[in-house]
Ligand code: 1CP
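In the numbering used here, the protein residues as written are 246 to 590.
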């Protein structure tokens with residue numbers, strides 16, 4: 246399959262074609278808001294056991310597609326499997342999110358051991374590809390260097406990553422070496438996902454909003470450009486979506502001009518009409534409904550979606566949220582959202 250595969254609306258939109266109604270998928274579309282996910286997770290034992298079980302990971306990847314006519318499936322995994330595969334310990338305590346031992350020095354990166362650790366992710370992709378409906382595309386993903394460094398240095402989320410911010414500011418040489426190592430590992434992991442069947446890739450820089458002024462260019466944009474540059478060389482036909490969450494508009498413009506990602510995923514605070522005018526001529530915007538509105542459902546969600554669909558009528562757009570589905574979201578709200586996108590002609 247290539248990005249111009251005429252049967253797949255998601256890949257057509259990534260190829261900068263205006264597809265209407267626009268393709269739709271949701272970040273965290275597989276996950277705890279679905280009762281069948283909670284059941285499979287219990288069967289697997291723990292979250293990480295689920296991530297490393299190819300059959301069950303493929304099963305939860307496909308679960309949302311059985312309920313909703315989505316245009317893409319994102320492989321069920323986590324951004325933190327990269328630090329884990331670099332020998333960092335990783336646990337997910339129930340209801341508490343991830344925990345890692347805070348990094349000292351540089352992490353190990355032995356490519357053979359790294360790929361052996363991550364083989365279940367590639368097997369899950371091949372397994373998922375077998376069960377995918379014909380018009381649905383398969384997305385592989387990774388965390389961006391800055392966001393992975395945040396978790397590796399602080400060892401947990403929810404705190405604003407003070408150690409990562411301080412290390413980035415106080416020890417730029419060391420920090421640069423860490424970022425270099427992560428860029429290398431991320432490219433290898435994404436490239437293997439393509440070989441296993443991923444038709445598009447998304448890179449999550451969820452904590453890019455913590456960077457200030459010139460730090461955005463240095464630690465978010467530059468590493469992302471190195472990743473898209475390497476991937477364009479290795480897999481020129483594979484579209485890449487970048488998600489630099491909460492960065493200023495000029496950073497998005499700079500990525501659209503210099504980075505040539507196929508798409509930029511916008512968080513819910515970005516002005517979508519500005520994006521339609523400024524970014525859409527160059528790249529495909531993706532986003533940016535509020536996960537809180539999806540949780541609430543009803544008229545406010547309908548209004549916001551109708552506003553978004555006006556942007557999607559002016560050129561290529563992929564309907565998505567500005568961040569992941571909140572775990573208390575009723576699945577019926579997701580069904581209503583997808584149905585309303587489909588109804589639009
Ligand atoms: O309890 C559970 O079952 C675990 C909840 C959960 C899930 C469903 C975690 C723990 N990760 C995932 C899957 C996941 N994570 C996917 C694939 C599923 C899909 O999207 O449908 C993806 C793409 C991710 C990516 C991810 N993990 C990000 C980037 C996107 C984002 O949300 O900003 C981040 C930051 C993580 C770290 C992580 N993993 C899990 C949690 C609870 C967190 C966030 C912790 C924090 O708030 O800092």
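For glycine and all other residues, C-beta sits at the position ideal for the given N, C-alpha and C.
- List the endpoints of the continuous alpha helix (DSSP H) containing residue 376. 356-376
- Query: Residue range of the beta strand (DSSP E) that residue 402 falls in?
  - Reply: Looking at the DSSP string, residue 402 is not in any beta strand (DSSP E), and its letter there is neither H nor E.
- Query: residue 252 lies in the alpha helix (DSSP H); which residues open and close that run?
  - Reply: Where residue 252 is concerned, there is no enclosing alpha helix (DSSP H), given that its DSSP letter is neither H nor E.
- Go ahead and pull the three-state DSSP assignment for residue 582. helix
- Message: Using the Cβ count rule (16 or more neighbours within 10 Å means buried), how would you classify residue 334?
- Response: exposed
- Item | For residue 471, the nearest candidate out of 323, 391, 271 (CA to CA) | 391
- Message: At the level of alpha carbons, what is the spacing between residue 248 and residue 461?
- Response: Note that residue 248 scores 47 on pLDDT, short of 50, meaning its location in the model is unreliable; the coordinates nonetheless yield the value given after this. Their Cα atoms are separated by approximately 30 angstroms.
- For residue 446 versus residue 438, is the C-beta distance shorter than 9 angstroms? yes
- Query: On the three-pair Cβ rule with 8 angstroms, is the region 555-573 touching the region 269-287?
  - Reply: yes
- Assigned exposure category for residue 253 - 16 Cβ within 10 Å defines buried: buried
- Indicate whether residue 525 and residue 561 have their beta-carbon atoms separated by less than 9 angstroms. yes
- Query: Between the beta-carbon of residue 550 and the beta-carbon of residue 533, is there less than 9 angstroms?
  - Reply: no
- Message: Using C-beta distances below 7 angstroms, list every residue in its chain close to residue 259, excluding the 5 sequence neighbours before and after it, in chain order.
- Response: 248, 445, 484, 507, 508, 529
- Leaving out five residues on either side along the sequence, give the residues of the same chain with a beta carbon under 7 angstroms from the beta carbon of residue 410. 455
- Message: Check whether the region 405-422 and the region 359-368 are in contact - that is, three or more C-beta pairs closer than 8 angstroms.
- Response: no
- Item | the ligand 1CP heavy atom lying under 8 angstroms from the CB of residue 275 | yes
- Which ranges would you report for the alpha helix (DSSP H) in the region 519-578 if only whole runs of at least 4 residues count? 536-541, 544-558
- Query: Assuming residue 424 contacts residue 394 under a Cβ cut-off of 8 angstroms, what Cβ separation, rounded to an integer in Å, is found between them?
  - Reply: 6 angstroms
- residue 382, DSSP secondary structure in three states: strand
- Unbroken alpha helix (DSSP H) run spanning residue 447, endpoints: First-last for residue 447: 445-450, but that is the beta strand (DSSP E), not the alpha helix (DSSP H).
- Message: So, under 8 angstroms CB-CB, residue 487 and residue 500 are touching, yes? Tell me the CB distance rounded to an integer number of Å.
- Response: 6 angstroms
- Just how far apart, CA to CA, sit residue 307 and residue 385? 14 angstroms
- Message: Looking only at its chain, what residues have a beta carbon closer than 8 angstroms to the beta carbon of residue 580, apart from the 5 residues adjacent to it on each side?
- Response: 312, 313
- Item | residue 555 versus residue 289: straight-line alpha-carbon distance, rounded | 42 angstroms
- Own chain, CB closer than 6 angstroms to residue 468, minus 5 neighbours either side, in chain order: 390, 424, 428
- Item | Nearest candidate by alpha-carbon position, reference residue 587, set 535, 325, 404, 563 | 563
- Item | Range covered by the alpha helix (DSSP H) that runs through residue 286 | 280-289
- Measuring alpha carbon to alpha carbon, tell me which of 577, 376, 531, 285 ends up nearest residue 557. 531
- Please indicate yes or no: does the CB of residue 319 lie closer than 8 angstroms to some heavy atom of the ligand 1CP? yes
- Message: Report the CB separation of residue 397 from residue 464 in whole angstroms; it is logged as a contact under 8 angstroms.
- Response: Not confirmed; about 14 angstroms, so no contact.
- Message: Quick check: is any heavy atom of the ligand 1CP less than 8 angstroms from the C-beta of residue 343?
- Response: yes
- Any idea which residues DSSP pairs residue 424 with across the strands? Note: residue 424 sits in no beta bridge, so no partner.
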